[in-house]
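So for the sequence shown, our numbering puts the first residue at 30; every next one is plus one.
Yeah, the Cβ is synthetic: ideal placement off N, Cα and C, and Gly gets one too.
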Amino acid sequence: MTDRELLEQLLQTVTNIDSKVTDMETELKTVNTDLSELKENQRQVQQAVLETNETTKRMEANQEKHERILDLLSRRSIEQEAEMKRIK
């Protein structure tokens with residue numbers, strides 16, 4: 030092989046490597062964009078979980094309050110029935 034042929038082959042190899050590096054840079058940018066989107070989605074999911082947790086806690090507190098009220102109303106109803114039977 031002549032020096033010129035070697036240089037042309039070397040130039041072709043460098044060009045191929047450069048093309049591959051460019052492709053890899055493009056792919057890396059895509060991966061970084063996807064990663065950023067995933068991080069944002071994760072942040073949104075975490076926020077939704079926190080909000081759901083707070084809502085669940087409020088619902089549990091309300092349910093406990095309603096259970097106490099129902100218990101009180103049940104006792105009053107029983108007392109009133111007993112009082113009505115005594116009156117008759």
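> Expressed to the nearest angstrom, what Euclidean distance is found between the alpha-carbon atoms of E80 and A90?
Replying inline: Counted from its first residue, the sequence shown places residue 80 at position 51. Counted from its first residue, the sequence shown places residue 90 at position 61. E80 and A90: Cα-Cα distance of roughly 15 Å.
>> Determine, for K86, whether the minimum Cβ-Cβ distance to residues of chain C falls below 8 Å.
In response: Among the protein chains of the structure shown there is no chain C, as only one such chain exists.
> Starting from M53 and walking both ways along the alpha helix (DSSP H), at which residues does that stretch end?
Replying inline: Counting from one through the sequence shown, the residue named residue 53 turns up at place 24. Segment 32-116, the alpha helix (DSSP H) holding M53.
>> Rounded to the nearest angstrom, what separates T51 and Q73 at their Cα positions?
In response: Taking the sequence shown and counting its residues from 1, one reaches residue 51 at position 22. Taking the sequence shown and counting its residues from 1, one reaches residue 73 at position 44. Computed Cα separation, rounded: 33 Å.
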